[in-house]
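So the protein sequences, as listed, match chains A and B. Residues 1 to 115, numbered by this note's numbering, are exactly what the first sequence covers, in order. Residues 1001 to 1145, numbered by this note's numbering, are exactly what the second sequence covers, in order. A virtual CB, placed ideally from N, CA and C, is assigned to each residue, including glycine. In this text the structure is predicted, and so the values were computed from the model without any measurement. What follows is a set of notes on a single structure, which appears directly below.
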Amino acid sequence: MEINTRREKDVVIVTVKGRMGEVSAPEFEKRMNELINDGETKFLIDLEGLEYISSAGLRGLLAAAKILKERNGRIFLSGLMGAVKDVFEVSQFISIFSTFETVDSALSEIWLLNG
Amino acid sequence: MIANIKYPAKIEYLENILRFVRSCARDEGFSKGRISNIELALEEALANICRHAYTAGTCGDMEIQCRTDDNNRLIIDIIDTGKPFNILYVSEPDLTDDISERDLGGLGVLLIRRMVDDIHYCRRDDKNILTFVLTDRGGVNMVRS
């Protein structure tokens, strides 16, 4: 799994590539916790390069979303496709996150929401 | 076809088992998408064994047997010698869309149930045997209710 982060205005874009399973999910959770503890509240997680996600990956995302909700923060997702999208649908995670096709379409929408 | 593999029940051996089963499923003509489903269900079951089957300080094994039956179905037995545990008794989480209410647990079982065509559990000779039955070799959308 490869995690890269960059910032666009007030949004932290976290790009996750490869596999987010039992072995790698803790690394994602750790990175998210660091960013949240640094005071970041608005995340766009781009999963276009993600090939595989298990319940460990879903739990990592949900755990971060729960902390952020308490801090009035939020996670948006982009690039869901193939097997990864199937897992989001089966677990109905698709309905607890706002999802967008691309990073660009997500950012326009997020900034529109900001007014 | 019949093949088996056994490792100590530790997360670090997960990938070896997944690789083995991927190869069995590929040989049996399963599509890339179906192999991904199998891999996911298997990871969930094995992770559960690694975390919960054996009491702290002891380490048993996790064993996988892959075979095809007379009906050309792929049968995967997942075996451990830990404490009796039927994963099928675990209730599925409430799939609410409220983040605060969403439970962190139970997702593994939900995914297992959705990814394989049929599933059985039995306790025999002090072993937990969880069996995945795979009929559909793929090519169609796997999401089924």
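Is it right to say residue i is buried, meaning 16 or more other beta carbons lie within 10 angstroms of its own, or is it exposed?
i	result
SER78 (chain A)	buried
ARG1102 (chain B)	buried
CYS1050 (chain B)	buried
ARG7 (chain A)	exposed
ARG1114 (chain B)	buried
ALA65 (chain A)	buried
ILE1112 (chain B)	buried
TYR1089 (chain B)	exposed
ILE110 (chain A)	buried
ASP86 (chain A)	buried
Taking the alpha-carbon of residue i as reference, which of the options has the nearest alpha-carbon?
i	options	result
LEU113 (chain A)	A:GLU2, A:GLY18, A:ARG6 and A:ASP10	A:ASP10
PHE1020 (chain B)	B:GLU1101, B:CYS1066 and B:ASP1136	B:CYS1066
VAL103 (chain A)	A:GLU89, A:LYS85 and A:LEU80	A:LEU80
ASP38 (chain A)	A:GLU22, A:GLY73, A:SER55 and A:ALA25	A:GLY73
PHE1085 (chain B)	B:ARG1026, B:ASN1048, B:LEU1042 and B:LEU1014	B:ASN1048
ASP1125 (chain B)	B:ARG1114, B:ARG1113 and B:GLY1082	B:GLY1082
LEU61 (chain A)	A:THR5, A:ASN33 and A:GLU101	A:ASN33
ALA25 (chain A)	B:VAL1109, B:SER1023, B:THR1068 and B:GLU1043	B:GLU1043
LYS1127 (chain B)	B:LEU1095, B:ASP1097, B:GLY1105 and B:GLY1060	B:GLY1060
THR1068 (chain B)	B:ASP1117, B:ALA1025, B:ILE1017 and B:GLU1012	B:ALA1025
ASP1027 (chain B)	B:MET1001, B:ASP1117 and B:LEU1095	B:MET1001
ARG1132 (chain B)	B:LEU1104, B:ARG1073 and B:SER1091	Contrary to the premise, residue 1132 (chain B) reads as Phe rather than Arg in this sequence. Nearest of B:LEU1104, B:ARG1073 and B:SER1091 to PHE1132 (chain B), Cα basis: B:ARG1073.
PHE43 (chain A)	A:ARG59, A:VAL23, A:THR5 and A:ALA56	A:THR5
Below 8 Å on the Cβ atoms is my guess for residue i versus residue j; work out the distance and round it to an integer in Å.
i	j	result
THR15 (chain A)	GLY49 (chain A)	7 Å
LEU1107 (chain B)	TYR1121 (chain B)	LEU1107 (chain B) to TYR1121 (chain B), Cβ: 19 Å. No contact.
VAL1109 (chain B)	ILE1087 (chain B)	6 Å
May I have the straight-line CA-CA distance separating residue i from residue j, to the nearest angstrom?
i	j	result
SER1100 (chain B)	PHE93 (chain A)	13 Å
TYR52 (chain A)	GLY18 (chain A)	7 Å
ASP46 (chain A)	ARG1034 (chain B)	24 Å
HIS1052 (chain B)	ILE1079 (chain B)	13 Å
GLY1138 (chain B)	LEU1040 (chain B)	15 Å
LEU1134 (chain B)	ARG71 (chain A)	44 Å
ILE1038 (chain B)	GLY1029 (chain B)	13 Å
LYS1010 (chain B)	ASP1070 (chain B)	33 Å
GLY21 (chain A)	SER54 (chain A)	5 Å
ASP1094 (chain B)	GLY1057 (chain B)	34 Å
| Enumerated in chain order, which unbroken segments of the alpha helix (DSSP H) with a length of 4 residues or greater are wholly contained in the segment 1002-1077 of chain B? | 1014-1027 and 1032-1048
| task | With a floor of 3 residues, list each beta strand (DSSP E) that falls wholly inside the segment 26-74 of chain A, ordered by position along the chain. | result | 42-46 and 50-53
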